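S.K.: Numbering (the UniProt record's numbering), first residue to last: 1 to 181.
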Amino acid sequence: MDRKTKIGFGGGCHWCTEAVFQSLKGVEKVEQGYVASIDENNTFSEAVIVHFNPKEITLKALIEIHLHTHKSTSNHSMREKYRSAIYSFSKEQEYESKEIIKNLQKDFDDKIITKVFPFSEFKVSREAIQNYYQKNPNKPFCKAFINPKLKLLLKQFSVYTNQEKLNHLRTNEKHETQYSK
């Protein structure tokens, strides 16, 4: 029997975060919406809940991808709306996530600001904006903000990437290169 589990990620707009995790092998489902934790982080912030099979993709791989596909070292003015966070569903997952971040710090020049919080509540996004990239890959927002993240996946994390879901990026890249010469 496959053991499936889930974890929450927040950092940038949830359209971007959703598209990144939907492009990975071992990710069974991505719920886009707003997550709240407890105490001072009890307000809702854009995030996704990622349901994954740890036999196909590890928690470490998911966290590493998350840290590299949003501004995990930047404490910018939109941090309340886009909390740089990992939302754990158990004490064990919380501890493991903190250890993974600590061990990945060496890969970054600046201090990682991403925090691990206990999951408390989730509100799903309205239907019209769910699966935004899948429905609108040619929209200017997708081309400007999501495509670079997905190209980073292909370049740095190709072993985890569902290549079929990103074939259009390779085709577009070849087309752009051909006409830019």
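Glycine included, each C-beta is placed from N, C-alpha and C at the ideal position. Remember, predicted model here, so these are calculated numbers, not experimental data.
Under DSSP, the alpha helix (DSSP H) around Ser97 begins and ends at which residues?
M.R.: Element bounds for Ser97: Lys91 to Leu104.
S.K.: Could you tell me the distance, in whole angstroms, from the CA atom of Asn120 to the CA atom of Tyr95?
M.R.: Position check: residue 120 holds Ser in this sequence, whereas Asn was assumed. Spanning the two alpha carbons is a distance of roughly 17 Å.
S.K.: What do you get for Glu127, buried or exposed, if any count of 16 or more other CB atoms within 10 angstroms of its CB means buried?
M.R.: Burial call: exposed.
S.K.: Taking Cβ positions only, does Lys4 come closer than 9 Å to chain B?
M.R.: Note that chain B does not occur in the displayed structure, where there is just one protein chain.
S.K.: Inspect the beta-carbon positions of Phe9 and His66 and report whether they are closer than 9 Å.
M.R.: For Phe9 and His66, yes; Cβs fall inside 9 Å.
S.K.: Are there 16 or more other CB atoms within 10 angstroms of the CB of Glu40, so buried, or fewer, so exposed?
M.R.: It counts as exposed.
S.K.: Can you tell me the Cα-Cα spacing of Ala36 and Ile49, whole angstroms?
M.R.: So the two alpha carbons sit approximately 12 Å from each other.
S.K.: Can you name the residues that DSSP bridges to Ser88?
M.R.: According to DSSP, Ser88 bridges with Pro118.
S.K.: Do Ala19 and Ile129 have their C-beta atoms closer together than 9 Å?
M.R.: For Ala19 and Ile129, no; Cβs fall outside 9 Å.
S.K.: What's the gap between the Cα of Pro54 and the Cα of Lys4?
M.R.: Cα-Cα distance, rounded: 7 Å.
S.K.: With a threshold of 8 Å, are at least 3 pairs of Cβ atoms found where one atom belongs to the segment 75-94 and the other to the segment 144-159?
M.R.: Taking 8 Å as the limit for Cβ pairs, the verdict is that the segment 144-159 does not touch the segment 75-94.
S.K.: Could you name the residues of the same chain whose beta carbon sits closer than 8 Å to that of Phe44, not counting the 5 residues immediately before and after it, in chain order?
M.R.: Same-chain partners within the cutoff: Tyr34, Val35, Ala36, Glu121 and Lys123.
S.K.: I need the DSSP call for Gln178, collapsed to helix, strand or coil.
M.R.: Low per-residue confidence applies at Gln178: pLDDT is 40, beneath 50, and the placement is therefore not dependable, though the value from the model is reported in the following sentence. If DSSP states are grouped into helix, strand and coil, Gln178 belongs with the helices.
S.K.: Taking DSSP as the reference, what is the three-state secondary structure of His66?
M.R.: Here His66 sits in helix by DSSP.
S.K.: Sorted by chain position, which residues of the same chain lie with C-beta nearer than 8 Å to Lys25's C-beta, five sequence neighbours on each side aside?
M.R.: Same-chain partners within the cutoff: Glu56, Ile57, Tyr160, Thr161 and Asn162.
S.K.: Could you spell out where the alpha helix (DSSP H) holding Val48 opens and where it closes?
M.R.: It is not in any alpha helix (DSSP H) - Val48 instead sits in the beta strand (DSSP E) that spans Ser45 to Phe52.
S.K.: Quick check for students: name the residue ranges of the alpha helix (DSSP H) that lie wholly in the segment 11-45, counting only runs of 4 or more.
M.R.: 14-22, all fully within the segment 11-45.
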